[in-house]
Amino acid sequence: MARINILKKSGKDPRTDSQLMIDLCKGDEDAFNHVMKRFQRPIFSHLIRMLGDEDDAQEQLQMTFCRVYKYRNNYDPERPLITWIYTIASNLAKKEWRRRSRWTMVSLDKVVLSAKQKVTPHYREGRRELGASIEEAVNQLPEHYREPFLLREKEGLSYDEIAEVLDIKVGTVKSRINRARSGLRVLLEDVWELWK
Amino acid sequence: MKCSEAKILIDYVLDGEASYNEEQTLRFHLNGCSDCRRVMLMNKAISKNVKELHEPSPPEDLMDMVKARLKSGNYNKTPLQQKKRFLSSNRWRIAAVIPFAATLFFIYQTIQNEHSGSTYTTSHIEEISTPEIQYAPAPVVAYSRPSSVSTF
Chain A
9 MARINILKKS
19 GKDPRTDSQL
29 MIDLCKGDED
39 AFNHVMKRFQ
49 RPIFSHLIRM
59 LGDEDDAQEQ
69 LQMTFCRVYK
79 YRNNYDPERP
89 LITWIYTIAS
99 NLAKKEWRRR
109 SRWTMVSLDK
119 VVLSAKQKVT
129 PHYREGRREL
139 GASIEEAVNQ
149 LPEHYREPFL
159 LREKEGLSYD
169 EIAEVLDIKV
179 GTVKSRINRA
189 RSGLRVLLED
199 VWELWK
Chain B
382 MKCSEAKILI
392 DYVLDGEASY
402 NEEQTLRFHL
412 NGCSDCRRVM
422 LMNKAISKNV
432 KELHEPSPPE
442 DLMDMVKARL
452 KSGNYNKTPL
462 QQKKRFLSSN
472 RWRIAAVIPF
482 AATLFFIYQT
492 IQNEHSGSTY
502 TTSHIEEIST
512 PEIQYAPAPV
522 VAYSRPSSVS
532 TF
């Protein structure tokens with residue numbers, strides 16, 4: 009009882025994710041607000057790292073929750089809600105990549121930045137912290153390595169859950185995470201020597 | 382154990398997906414391999430720092446925006462996407478090419494008519510008489526095959 013009171017004071021709903029979705033299917037609109045509150049931060053963080061653009065990430069975040077609402081009846085309460093929402097967000101991000109591959113728009117700032125990176129990488133100068141260098145290195149990874157790697161490291165999903173989100177085999181998840189890590193090790197070789 | 386195998390095991394151990402035996406095997410390998418120890422240390426540092434990466438805050442008015450979009454029924458494509466999609470599609474090109482081609486055709490027809498002085502009607506077509514072509518019969522040698530008959 010005391011726990012529920014604390015939860016009420018903190019504004020956090022005591023219902024489980026599945027219960028929230030069941031209530032939403034029954035017509036409880038407030039449950040949808042709680043779903044959004046619960047998952048907006050990790051999903052936005054994931055989308056922004058996948059798309060590299062805040063405006064696009066915001067749009068896809070809105071679309072993700074619109075789809076959660078629209079397809080609420082398709083949700084299986086026995087599966088974790090987080091993987092279901094990540095699957096929707098991931099599919100939208102992939103759609104966005106496909107669209108970008110047809111219609112590539114590169115802002116001038118990014119062009120200048122990438123040119124600078126090629127000539128004098130920040131990490132080689134040793135000016136930046138390891139965290140900043142890691143952020144840069146992660147952004148340089150190809151999307152198909154970056155996504156499972158971030159889902160594992162940042163969001164803490166298991167191999168099975170990642171396989172479910174990305175609709176690939178567990179073995180593929182393992183090898184992609186392994187390649188992402190070895191790619192990061194190569195990219196961070198110089199900064200590691202300084203940081204150590 | 383080879384180093385390539387150890388590097389895969391390092392991932393499993395860090396992700397908590399390795400069995401007890403695998404952990405022990407890896408530990409034994411790491412004792413004698415400085416390269417793999419370095420890989421382990423780097424992976425640990427990368428994992429730690431990735432977990433601590435800055436998490437950007439979502440927009441504060443997200444709920445209102447989502448609800449507005451749900452109300453309008455436009456939740457498949459955003460206005461920006463619709464605009465981009467239209468520009469990237471061939472529809473607008475086709476839409477522009479068809480009237481252009483029609484105009485060109487019309488101009489061409491007008492010029493042709495001006496040159497000929499009058500328009501063609503069916504009476505003109507009737508007047509035009511095609512000359513009769515006299516076909517001469519081919520000589521018998523051209524299609525007869527006496528040699529094949531003799532061999533048969």
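As given, the protein sequences belong to chains A and B, one line each in that order.
The numbering used here numbers the first residue of the first sequence as 9 and each following residue consecutively.
The numbering used here numbers the first residue of the second sequence as 382 and each following residue consecutively.
Where is the CB? At the ideal position from N, CA and C, for every residue including glycine.
Model, not experiment: these values are computed from the prediction.
Using a Cβ distance threshold of 8 Å, B/Val447 and A/Phe52 do not count as a contacting pair. At a cut-off of 8 Å between C-beta atoms, B/Asn412 does not count as an interface residue with respect to chain A. By the rule that beta-carbons nearer than 8 Å mark a contact, A/Met44 touches chain B. In the same chain as A/Leu195, and ignoring 5 residues on each side of it, the C-beta atoms closer than 7 Å to its own belong to Ala145, Gln148, in chain order. Taking a beta-carbon distance threshold of 8 Å, B/Met421 does not count as an interface residue toward chain A. Within a 10 Å sphere around the beta-carbon of A/Trp92 sit 16 or more other beta-carbons, which makes this residue buried.
In this structure, B/Arg418 sits near B/Leu411, with a CB-CB distance shorter than 8 Å.
In its chain, beyond the 5 residues on either side, Phe52, Leu55, Ile56, Leu59 have a beta carbon closer than 7 Å to the beta carbon of A/Ala65. Assignment of A/Pro50 by DSSP, reduced to helix, strand and coil, places it in the helix class. Contacts with chain B at 8 Å (Cβ-Cβ) include A/Ser53. Nearest CB-CB separation between B/Leu434 and chain A: below the 8 Å threshold. Residue contact check for A/Tyr77 against chain B: a CB pair falls below 8 Å. Residue environment: B/Ser428 is assigned as buried (16 or more neighbouring CB atoms within 10 Å of its CB, all protein chains considered).
Taking C-beta separations shorter than 6 Å and ignoring five residues to either side along the sequence, the partners of A/Leu165 in its chain run Leu159, following chain order. Between B/Ile391 and B/Asn424, the gap from beta carbon to beta carbon is short of 8 Å. The shortest C-alpha to C-alpha distance from A/Cys33 to any of A/Asn41, A/Arg80, A/Val43 is the one to A/Arg80. Scanning chain A for C-beta atoms nearer than 7 Å to the C-beta of B/Arg450 yields Gln70, Cys74, reported in chain order. In this structure B/Leu422 does not touch A/Glu143 by the C-beta definition: roughly 20 Å separates them, more than the 8 Å allowed. Within the model, the alpha-carbon separation for A/Gly191 versus A/Ser183 is close to 12 Å.
Between the beta-carbon of A/Leu89 and that of A/Asp25 there is about 4 Å, and that keeps the pair under the 8 Å contact cut. Non-local C-beta neighbours of B/Glu403 in its own chain, meaning closer than 8 Å and more than five positions away in sequence, comprise Leu390, Tyr393, Val394, ordered along the chain. For A/Gly60, no alpha helix (DSSP H) segment is defined, and its DSSP state is neither H nor E.
Cβ-Cβ distances below 7 Å link A/Tyr167 to Val178, Val181, Lys182 in the same chain, with the five nearest sequence neighbours on each side left out; the list follows chain order. B/Asp392 belongs to the set of residues whose beta carbon lies under 8 Å from a beta carbon in chain A. Residue contact check for B/Leu443 against chain A: a CB pair falls below 8 Å. Here A/Arg49 is near B/Glu436, since their CB atoms are less than 8 Å apart.
Counting along the chain, the unbroken alpha helix (DSSP H) around A/Gly191 starts and ends at 178-195. Within the region 162-173 of chain A, the residues whose Cβ lies closer than 9 Å to any Cβ of chain B are, in chain order, Lys162, Gly164, Ser166, Tyr167.
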